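Residue numbers (this note's numbering): 34 to 448.
Following this line, the structure appears as structure tokens:
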């Protein structure tokens, strides 16, 4: 079956100058992929009439579905709606349901309505209106020469509501789509080139209807097998190949599900009825942020001491002043004592500690920027490892966090 192709067009000068990060396209592409629509082009355009018009012409030649976000606000630079009205040969009219929605929202906010706000209820008379349950700007569904054009607000939660409630169900019904089924596993501690070399024979033997993707991210790589269709034969073939893949990477596999490393660690702790805590110097609380971003983490996460300053290490974690003065904060001895102090102070089963030089300044000949010591431990044992990262500050922090979590995962499995 030929795939249904889509283009996502995002509109706004703020996207082009980097003032706003485009998270809409990534989310939309993921949701479309789930129902069997392939996003093969993504286009970002400024608030320029001729550029938007040209993109509509070009993308309609390449895709069956063109999804547009942005430019539906009440200000002068929001030109998407009048442009679409002209492009599809219509005129702006007031949609009564959209008008009532605008009035209701402003009444709840106890804010006065002005003419500019009321104009948000105007829509081209040649579109199907998609009511906005989360904001004031309605969406618009157009059809021309067998192609579908959908315009939605650029505000992420408004766009998502419209996609989930209206757009995705309508596309599924229109195209009778075959869903794309994925099986994903997570590896840690090795790079994608290592994995590609190990499973090259497996990859080359895959049938044409099943694809393998490498998804690297900060010391981890997800391997994803994808098949189009959810019939019994396709699913059985996908599962058999996924089992083969798991066997080939068993020694570096974290889990055979599409979840994060912090989720995998949380599941392990919960299954063993154990708790953890962190003592973070160079990561500044980033690891505890990752842990607590998971729903239910209060069941196993005790807390964190962000011991950025040596006095905090000494006073709260009981790191000896002699250790700090002789071996320094960035040392194996320091992170070992941080582990012991965390276990004692926070009354936890497992502890994780980090101390390093993230950059761009602060390095020395003996301890250059990117030098990091990580320790994980429980009452019986402590494991340490020294890392040497060579990237910018943020990436060094993220690499430290994920490598530390993987060390903790291994310790829990050993215990």
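By construction, the Cβ of each residue, glycine as well, lies at the ideal position given by its N, Cα and C atoms.
On a predicted model such as this, the values are computed, not experimentally measured, just so you know.
Closest by CA to residue i, which one among the options?
i	options	result
residue 369	353, 380 and 358	353
residue 45	98, 68 and 106	106
residue 57	50, 254, 77 and 67	77
residue 245	251, 252, 253 and 233	233
residue 52	445, 79 and 237	79
residue 111	185, 143, 176 and 358	185
residue 306	335, 248, 292 and 202	335
residue 154	84, 359, 130 and 308	130
residue 249	229, 182, 394 and 262	229
residue 427	267, 389 and 445	389
residue 308	159, 380 and 158	380
residue 159	84, 121, 138 and 142	121
residue 177	364, 90, 165 and 41	90
residue 301	333, 318, 319 and 285	333
residue 447	409, 425 and 137	409
residue 108	151, 88, 96 and 331	151
residue 124	391, 138 and 157	157
residue 119	82, 424 and 149	82
residue 182	55, 86, 330 and 363	86
residue 429	395, 391 and 365	391
residue 329	296, 241 and 348	296
residue 96	40, 59 and 48	40
residue 171	133, 140, 208 and 205	133
residue 283	48, 140 and 231	231
Quick one: Cα of residue i to Cα of residue j, how far?
i	j	result
residue 61	residue 298	29 Å
residue 338	residue 375	8 Å
residue 236	residue 271	13 Å
residue 378	residue 350	7 Å
residue 38	residue 92	10 Å
residue 210	residue 64	13 Å
residue 418	residue 372	13 Å
residue 256	residue 412	35 Å
residue 422	residue 145	55 Å
residue 167	residue 226	44 Å
residue 393	residue 361	19 Å
residue 254	residue 291	11 Å
residue 126	residue 258	48 Å
residue 397	residue 138	58 Å
residue 84	residue 149	25 Å
residue 116	residue 279	51 Å
residue 242	residue 142	52 Å
residue 424	residue 364	20 Å
residue 191	residue 59	15 Å
residue 450	residue 104	For the chain, the structure presents residues 34 to 448; residue 450 sits outside this window and is missing.
residue 262	residue 175	28 Å
residue 55	residue 48	7 Å
residue 359	residue 193	55 Å
residue 203	residue 36	17 Å
residue 281	residue 240	18 Å
residue 304	residue 348	34 Å
residue 208	residue 289	32 Å
residue 205	residue 395	55 Å
Pull up the CB-CB distance for residue i and residue j, whole angstroms please, since I reckon it's below 8 Å.
i	j	result
residue 128	residue 162	5 Å
residue 212	residue 67	7 Å
residue 222	residue 179	At roughly 50 Å, the Cβ-Cβ gap does not stay under 8 Å, so residue 222 and residue 179 are not in contact.
residue 405	residue 387	7 Å
residue 294	residue 287	6 Å
residue 88	residue 147	Incorrect: roughly 32 Å between the Cβ atoms, too far for contact.
residue 188	residue 260	Between residue 260 and residue 188 the Cβ distance is about 35 Å, and since that is not below 8 Å, they are no contact.
Would you check if the distance between the CB atom of residue i and the CB atom of residue j is smaller than 9 Å?
i	j	result
residue 135	residue 169	yes
residue 346	residue 367	yes
residue 385	residue 440	yes
residue 269	residue 383	no
residue 173	residue 266	no
residue 420	residue 402	no
residue 195	residue 165	yes
residue 431	residue 247	no
Is the segment 333-347 touching the segment 311-322 in the sense that three or more CB pairs, one from each, lie closer than 8 Å?
Result yes; three or more Cβ-Cβ pairs closer than 8 Å.
Three or more C-beta pairs closer than 8 Å, one from the segment 208-224 and one from the segment 270-283: is that the case here?
In this structure the segment 208-224 touches the segment 270-283; the number of beta carbon pairs closer than 8 Å is three or more.
If we count Cβ pairs, one from each stretch, closer than 8 Å, do we get three or more for the segment 316-331 versus the segment 429-436?
Judged by Cβ distances under 8 Å, the segment 316-331 makes contact with the segment 429-436, as three or more pairs qualify.
Is there contact here, the segment 95-113 with the segment 66-82, by at least three beta-carbon pairs under 8 Å?
Yes, they touch.
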